[in-house]
Each structure stands twice: as C-alpha cells, then as structure tokens.
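Under the numbering used here, residues 246 to 649 are what the sequence shown spells out, in order. These notes concern the structure reproduced below.
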Amino acid sequence: MPVGTELGIGGSTLLVCRHRCRGRDGVAPGVAVWVSVLGSLWGGELAAQVRDGIEIGNVPLLEIGVAEGENPYLFSGISGAFLLDDGRVVVCDGELVELRVYGSDGSFMHRVGGRGEGPGEFRQIDAIWPVSDGRIGVWDAENLRISTFSAEGELVSAERVKIEMQAGMPRNLELFLGSFDNDEMILASVDAGSASSGVAADQWTLGRFSLDGDPQGLLGQLRGFRRLVGSPLPFTPIPSVAVLGDTVWAVDGYGPEIGRLDADGSFQPAIAVPTVDLEADEAWSFLREELQRRDAGLFLQLMDRLPPPDEIPQIGGLLVDNARQLWVKVYDPSVDALWIGDPLLPGAGGEWRVVGSDGETRGTVQMPDGVTPLAVTEDRLVGIARDALDVERLVVHRIRRAGG
C-alpha cells in the first residue's frame, strides 16, 4: 500500500501517514511522524471497547511521536496534555521542561517555555491545565510560580504564590490537584509520615489559590502514601483528586469510596464505586516476579523486610471529564503498584467506571491497552501510549456516549 494513501472504511476516511511522510520540520524518511484518523473506525477487528453505553475507540484518531531524531515530534517524558476548544493539542514534556502546541492534525505549531527562572521559563513543570478563557496554565513548584500563556504561546501572566503564615494553610507547596470553574486552583503540600514502628501516612494539606497566587483559604487534608519506617509501601493507596464545579472529590484510602471535601474541611465518604475483589497474596507474588524481571535489587531487598499486605487498594485513579462525570480506575496491581508505576499518573489500560456526582454509574469502559489517560472531554480521550521499545507517543481516542 502506498504511504500517505486514504482508505475508505465504512464511510469513514483513514489517512495513513507513516514512514516516508514528512512533518513541517522535515523529519527524515523511515521515521513515523504521526497518524491522523479522519473519521472513526467502528466494528469488526477494529471495534471500540463497548460497555454500558460508553465506547472508547481502539484506534487513535491522532497519534503524535517519533522513535528517534531531534525534532518536535520526539518526546523525552510526557507528563501532561489536554485539548484546546479548537482541537489543538497542548503537551508538556517534563524532561525538557517545555510545552508544545500541535494542530488538530498533529502538525507542530510552536514551543513554550524552557529551563530557566525568568518569566516564561520554568525550573520544572509540575502541571498544565486549560484556563477558562483559552489560556494555558502552568504550575512550577520550584519557582513557586503560576504562569499563563495564550494558545499562540505568548506569556500573559507570571505570578509567585503568596504563602500565608496562618494556621493550617499549606506552605511547602508541591502539587497542583485541579482547578475550579472560576479558575482558582488547588495547591497542596506534602508532609511525609514517620513513625518509629508501624505504618504511618503522609499528610496532604490542600489550599485554594487564585491565578494571581493569592491564597483563598484552606480546603482540608488527605492521607497520602502509607509508609513503614519511612519506606512507602508498594501497594499504598495513592491519593487522587477531581474537581466538579466547586466541589472537591478525592480518594485516599484502600476502599471503593470516593469522598467529598466539605466546606469545614472534613472529608466525607460519599460514593461507593463497584470494583473487584483482589487477592493480596497474589498481588504480592506478582510484584516479586516483576521486580525480579526488572532486576530491581533495591526493591527486592525492601520486600524481604516488609510483611505481605493484608489489603490492597480498590481504586487506582480518578479523573473528571467536561461532562461533569468522574472516571474511576479499578485498581490493577500489575500497573498501579507504587513501586512499578508513576505515582502521579494512573496505570495504563485497565477497567474504568464512569459515575455521576449522584453516585449513579454511567458506564464501564476498558481503556485501550497500553494507554495512560491524561485528560477526558465529552468525546475525546488524551493519553500516553508506549510501544515495546518504551517510545512515548501522544494519542487522542474518540469517546461515544449513549445517545451521542
């Protein structure tokens, strides 16, 4: 089949652009640049994963990334991404400390930022998110700075966070956990749990801040990683936070409950999500085998000093879409264990429950194999895909909902 030809499938058009196609920066022949799917593929071997009225297409609508070369299609470490309203894609490369903006067809448009301490630069990028007026928000914890950029890459604002010395407010700010409808945001500090014996939990203290960096008040506290004599447990719950309107939802325990942070800062279990029963002994055995396969000697030594777990978490991640529904990952010890995954991202693939704030289940979906979701809209899912050589690519999949 000639490269760059169009395939008509079921009335849809698949534009194949591999190998000898060139991007704007003249990528060398023999390197895959991007795959843009115009339309969608449904049915047969390419069917979407369909459960209860929600579908995620197996074949990405858009794929951006290359295996080698120095060009804007090579990623060193994708740590965040989302779609602008017009379909443009914003991607954060955490290793290179920069943002890149791509067109809706995957073509590179421009870079934003770079390593530094001046306005428009970053010591690190801890989070990116869409601001309501079309701007791009960036949180740099090392600089204690909130920056916003236009979609064209122009710096709009750069404000340092004002640390309030009032009782209870977070001070050593590290984490961005979400934004509200009025563009105020949640920033959190982390205090490591410590105990001479037994298990202790980290403490996350959440505060509300404006885009100007002004503190708006204390939101509350969550339990973080569980530690035994300072070492995080491999199957510790990893807190996840989602903001719906002006309500903060979170998971910070072993059970299937999603809690709500109330106005007084208390954390109240509110929604119980159906999950699956997992055997702690089987998960422990799998972890040992996986660490041996990876030749992870230090972790194996730690395992020998830890007692097997009595329980493992039931929830492995929490996202929110712009249809104001919660996406809840069923915990999978093979990808969600702290020691073998990314503590700030859910594990790849797996089963997700979609629930409303009323606790009603809207559907169950199977995430495409190897895809780590980063952002969900009403009809698109943005994520990271890794191939057998661990090459990262940014992918966009289509979502169909009942009645849509």
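Cβ coordinates follow ideal geometry from the N, Cα and C atoms, glycine included. The structure presented is a predicted model; accordingly, all values stated were derived computationally and were not measured.
Around the beta carbon of Leu626, 16 or more other beta carbons sit within 10 angstroms, so the residue counts as buried. The criterion of a C-beta distance shorter than 8 Å is not satisfied by Ser455 and Phe531. Under a 10 Å Cβ-count criterion, Lys407 is classified as exposed, with fewer than 16 other Cβ atoms of the shown protein chains found around its own Cβ.
Leu464 and Asp436 have their C-alpha atoms spaced approximately 16 Å apart. Glu623 and Gly382 have their C-alpha atoms spaced approximately 21 Å apart. Burial check for Gln537: the Cβ neighbour count within 10 Å stays below 16, so the residue is exposed. Here Val627 is bridged, per DSSP, to Ala620 and Val641. Cβ-Cβ distances below 8 Å link Tyr499 to Pro482, Glu556, Ile557, Pro558 and Gln559 in the same chain, with the five nearest sequence neighbours on each side left out; the list follows chain order. Rounded to the nearest whole angstrom, the CA to CA distance from Leu551 to Leu478 is 8 Å.
Each residue's CA atom was taken as its position, placing Leu467 and Gly314 some 43 Å apart.
A Cβ-Cβ contact shorter than 8 Å links Phe470 with Asp447. Closest by C-alpha distance to Pro554, out of Asp526, Leu307 and Gly361, is Asp526.
When DSSP states are grouped into helix, strand and coil, Met548 belongs to the helix group.
Per DSSP, reduced to three states, the secondary structure at Val304 is coil, with no helix or strand assignment.
By the 16-neighbour rule on beta-carbons within 10 angstroms, His355 is exposed. Taking the Cα positions, Glu637 is about 7 Å away from Ile323.
Within 10 angstroms of the beta-carbon of Arg569 lie fewer than 16 other beta-carbons, which makes it exposed. Shown here, Arg390 sits in a strand according to DSSP, grouped into three states. If the five residues before and after Gly475 are omitted, its C-beta is found closer than 7 Å to the C-beta atoms of Ser439, all from its own chain and listed in chain order. For Gly462, same chain residues with a beta-carbon under 6 Å away, outside a window of 5 residues either side, are Arg453 in chain order. When the Cα atoms are used, Arg539 and Arg533 turn out to be separated by approximately 10 Å.
Spanning the alpha carbons of Gly332 and Pro618 requires a straight line of approximately 17 Å. Our two residues, Leu432 and Arg598, have alpha carbons roughly 26 Å apart in a direct line.
Collapsing the DSSP output to three states places Asp526 in a helix.
Selection Met430, Val346 and Ser434 evaluated against Ala487 yields Met430 as nearest (Cα-Cα). Here Val336 is not near Leu328, since their CB atoms are 8 Å or more apart. In the structure shown, Phe353 falls within a strand segment according to DSSP collapsed to helix, strand and coil.
Rounded to whole angstroms, Tyr576 and Arg345 show a C-alpha spacing of 31 Å. By the neighbour-count criterion, in which a residue is buried when 16 or more other Cβ atoms sit within 10 angstroms of its Cβ, Arg472 is buried. For Pro460, no alpha helix (DSSP H) segment is defined; the enclosing uninterrupted segment is the beta strand (DSSP E) at Pro460 to Leu473. In this structure, Ala593 keeps its C-beta atom at 8 Å or more from the C-beta atom of Gly561. Separation of Leu564 and Pro588 (C-alpha to C-alpha, rounded to the nearest whole angstrom) is 15 Å. Restricting attention to Arg380, Glu387 and Met414, the CA atom closest to the CA of Gly398 is found in Arg380. Val346: member of the beta strand (DSSP E) spanning Glu343 to Tyr347, first to last residue.
For Val580, the uninterrupted alpha helix (DSSP H) run begins and ends at Pro578 to Asp581, by DSSP. Secondary structure note for Ser402: its beta strand (DSSP E) is the uninterrupted segment Leu400 to Arg405.
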